[in-house]
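Written out below as structure tokens is the structure these notes cover.
2 protein chains.
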Amino acid sequence: MIAGLEDELAKRFDIHFQHPELLDEAFTQASYVNEHPHQNLKFYERIEFLGDAVLQLTVSEYIYKRYPEMPQGKLTRLRAAMVQKASFAKFALECHFDQYIRLGRGEEKEGARHRSSLLCDIFESFIGALYLDQGKDAVVAFITKVIFPKLDAGWFDHAIDYKTALQEWLQRDGDVIIDYDLKREDGPENDRNFTMTVAADQKIIGEGTGKSKKNAEQAAALQALQSLRGQQETLVTHGKDELD
Amino acid sequence: MIAGLEDELAKRFDIHFQHPELLDEAFTQASYVNEHPHQNLKFYERIEFLGDAVLQLTVSEYIYKRYPEMPQGKLTRLRAAMVQKASFAKFALECHFDQYIRLGRGEEKEGARHRSSLLCDIFESFIGALYLDQGKDAVVAFITKVIFPKLDAGWFDHAIDYKTALQEWLQRDGDVIIDYDLKREDGPENDRNFTMTVAADQKIIGEGTGKSKKNAEQAAALQALQSLRGQQETLVTHGKDELD
Numbered sequence: 001m002i003a004g005l006e007d008e009l010a011k012r013f014d015i016h017f018q019h020p021e022l023l024d025e026a027f028t029q030a031s032y033v034n035e036h037p038h039q040n041l042k043f044y045e046r047i048e049f050l051g052d053a054v055l056q057l058t059v060s061e062y063i064y065k066r067y068p069e070m071p072q073g074k075l076t077r078l079r080a081a082m083v084q085k086a087s088f089a090k091f092a093l094e095c096h097f098d099q100y101i102r103l104g105r106g107e108e109k110e111g112a113r114h115r116s117s118l119l120c121d122i123f124e125s126f127i128g129a130l131y132l133d134q135g136k137d138a139v140v141a142f143i144t145k146v147i148f149p150k151l152d153a154g155w156f157d158h159a160i161d162y163k164t165a166l167q168e169w170l171q172r173d174g175d176v177i178i179d180y181d182l183k184r185e186d187g188p189e190n191d192r193n194f195t196m197t198v199a200a201d202q203k204i205i206g207e208g209t210g211k212s213k214k215n216a217e218q219a220a221a222l223q224a225l226q227s228l229r230g231q232q233e234t235l236v237t238h239g240k241d242e243l244d
Numbered sequence: 001m002i003a004g005l006e007d008e009l010a011k012r013f014d015i016h017f018q019h020p021e022l023l024d025e026a027f028t029q030a031s032y033v034n035e036h037p038h039q040n041l042k043f044y045e046r047i048e049f050l051g052d053a054v055l056q057l058t059v060s061e062y063i064y065k066r067y068p069e070m071p072q073g074k075l076t077r078l079r080a081a082m083v084q085k086a087s088f089a090k091f092a093l094e095c096h097f098d099q100y101i102r103l104g105r106g107e108e109k110e111g112a113r114h115r116s117s118l119l120c121d122i123f124e125s126f127i128g129a130l131y132l133d134q135g136k137d138a139v140v141a142f143i144t145k146v147i148f149p150k151l152d153a154g155w156f157d158h159a160i161d162y163k164t165a166l167q168e169w170l171q172r173d174g175d176v177i178i179d180y181d182l183k184r185e186d187g188p189e190n191d192r193n194f195t196m197t198v199a200a201d202q203k204i205i206g207e208g209t210g211k212s213k214k215n216a217e218q219a220a221a222l223q224a225l226q227s228l229r230g231q232q233e234t235l236v237t238h239g240k241d242e243l244d
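Protein chains in written order, with our numbering: chain E, 1 to 244; chain C, 1 to 244.
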């Protein structure tokens, strides 16, 4: 048993493992197993293999249902951003998983505990363990706390572009009419600047400038998103700041 | 509704959709939607996005549990072989899915119905529809008929090597002691041939020759697999021949 891990999961996430040996496996690196040859330990790699696929499906299903009009190409880009190693490493840190990894002495010395690739692996293997212990619904409940709030917090906007992100944000609670209008065009002929506004139900909510109308629209959408999110800050339970 | 599709699924797989509109979506290409603009149709791409992830997980979980000693690297190679486009296209043909795809006239003329990439997509989108309609267990029941028997039939041996495949085959029903022994070594010094035998519980079941002992072992394992599978042919319900 790994000291403190079960308490942490119970306290922060109300997760209680029926088979804590799955947790041991999920948080143990091969280097630790090699240093304790008589303890008959397992290391996390097989369970990580499973966890990776569990995350692919649960994230896919969530965005498939949440964005019923989003075409496949955008869904694919958004999923790729959400399931990338860098994201998982941040989630692992946020969950304090780094504190509970069992490493061999050599790996510990070399700072493996803080390596993004290991943190990502451990996040996946934890998901694999949770899935084996309690099934898909428990995984969905967990990532509803840890991953999905980051969508509203804007972590993955770049994957779908700001105009789409703004549209998804505004239309969460029903139809909203979104208009982009040219407010101003200035500068010399070969170096024009365009300024666009974006309005939701005829109320201007953002403005942006760029070298093309398209770029100006993206800038306007980003400004609108930032201001809308500022207003709703209290709703975003898991902020980005903790991890950056 | 797509004529005949529901009957085929009911007859061959005992599958009955509660929401047949999901089936319509899963079997309809964008080209058909474009030619019928007033029917408010959906095409398969979004649902295929989901089906792809469902297959990743269900196949991963199956091989994870079936091969409890297989290390991650081999699991990953085996999964890659099982979920590749060429495999899915064959499964789609085996299920007669090609007959039910709704295509635009241009695509039909160009032979899209027989294109491996489209067949693969349709197999994935069918899985997505089945998952949405009836959940993961229904998908597992379906691929237990369509995909998993191919493991025993040897379709994916190359992904894990013949020695591993033989070991998995022999140890399905409990422990078997497998020995590889050098039977003969001949040829000139710079062009040696090695002949190895493989025995299961001290009974020789295969023999192979190669330029190294390792290659000879692989050849012996392959011969053993072929002969064992020949004996069990009647057990393999979905043979390879139909599709090749």
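Glycine residues also receive a C-beta, built at the ideal position from the N, C-alpha and C atoms. Only a predicted model underlies this, so the values are computations on that prediction, with no experimental measurement involved.
Would the beta-carbon of residue i fall within 8 Å of that of residue j?
i, j, result
"C:Arg115", "C:Ile101", "no"
"E:Phe142", "E:Phe88", "no"
"C:Ser60", "E:Ala53", "yes"
"C:Tyr162", "C:Leu222", "yes"
"E:Phe43", "E:Ile2", "no"
"E:Gly230", "E:Ala219", "no"
"E:Ser227", "E:Gly106", "no"
"C:Ala200", "C:Leu170", "yes"
"E:Met196", "E:Gly208", "yes"
"E:Arg77", "E:Ala159", "yes"
"E:Glu168", "E:Tyr67", "yes"
"C:Asp121", "C:Glu48", "yes"
"E:Leu55", "E:Val83", "yes"
Have a look at residue i and residue j and give me their C-alpha separation to the nearest angstrom.
i, j, result
"E:Tyr64", "C:Glu45", "11 Å"
"C:Thr164", "E:Ala81", "36 Å"
"E:Glu8", "E:Leu182", "53 Å"
"E:Asn215", "E:Phe194", "8 Å"
"C:Ile205", "E:Leu130", "42 Å"
"E:Leu119", "E:Lys90", "8 Å"
"C:Asp157", "E:Met70", "39 Å"
"E:Gly104", "E:Leu22", "19 Å"
"E:His36", "E:Gly111", "20 Å"
"C:Arg12", "E:Lys203", "57 Å"
"E:Lys213", "C:Asn40", "32 Å"
"E:Trp155", "E:Glu94", "14 Å"
"E:Gly135", "C:Asn34", "41 Å"
"C:Ser117", "C:Gln29", "12 Å"
"E:Arg184", "E:Asp175", "28 Å"
"C:Asp179", "C:Val198", "6 Å"
"E:Ala10", "E:Pro149", "20 Å"
"C:Gln72", "C:His96", "34 Å"
"C:Thr237", "E:His38", "Note that C:Thr237 has pLDDT 31, beneath the 50 cutoff, so the model's placement of it is unreliable and the number below is only indicative. About 44 Å."
"E:Ile177", "E:Asp191", "32 Å"
Using three-state DSSP, classify residue i as helix, strand or coil.
i, result
"E:Arg192", "coil"
"C:Ile15", "coil"
"E:Lys211", "coil"
"C:Asp173", "helix"
"C:Lys240", "Confidence at C:Lys240 is low in this model, with a pLDDT of 36, below 50, so its placement is unreliable and the value that follows should be read with caution. In the structure shown, C:Lys240 sits in coil (DSSP, three-state: anything other than H, G, I, E or B)."
"C:Ile2", "coil"
"C:Gly154", "coil"
"C:Asp186", "strand"
"C:Gln218", "helix"
"E:Ile147", "coil"
"C:Pro20", "helix"
"E:Asp7", "helix"
"C:Glu233", "In this predicted model, C:Glu233 has a pLDDT of only 45, less than 50, meaning its place in the structure is not dependable; the value taken from the coordinates is given anyway. Helix, per DSSP."
"C:Ala92", "helix"
"E:Asp181", "strand"
So which of the options has the shortest CA-CA distance to residue i?
i, options, result
"E:Ile15", "E:Glu6, E:Leu22 and E:Asp173", "E:Glu6"
"E:Asp133", "E:Lys211, E:Gln18, E:Ser212 and E:Met1", "E:Gln18"
"E:Glu25", "E:Ala199, E:Gln84, E:Leu78 and E:Gly128", "E:Gly128"
"E:Arg79", "E:Ser227, E:Ala30, E:Phe13 and E:Leu57", "E:Leu57"
"C:Leu151", "C:Asn34, C:Ile177, C:Leu55 and C:Tyr62", "C:Tyr62"
"C:Lys145", "C:Val176, C:Lys109, C:Ala92 and C:Gly51", "C:Ala92"
"E:Pro20", "E:Gln29, E:Val33, E:Gly4 and E:Asn34", "E:Gly4"
"C:Leu225", "C:His38, C:Phe148 and C:Leu166", "C:Leu166"
"C:Ala86", "C:Ile147, C:Glu217 and C:Arg172", "C:Ile147"
Going by the C-beta, is residue i closer than 7 Å to any heavy atom of the ligand ATP?
i, result
"C:Leu222", "By its list of ligands, the structure shown contains no ligand whatsoever, and the ligand ATP lies outside what it can speak to."
Segments of 4+ residues assigned as alpha helix (DSSP H) that fall wholly inside the segment 35-88 of chain C
45-66 and 72-82
For the segment 97-144 of chain C, list the alpha helix (DSSP H) runs that are entirely contained and at least 4 residues long, ordered along the chain.
105-109 and 116-134
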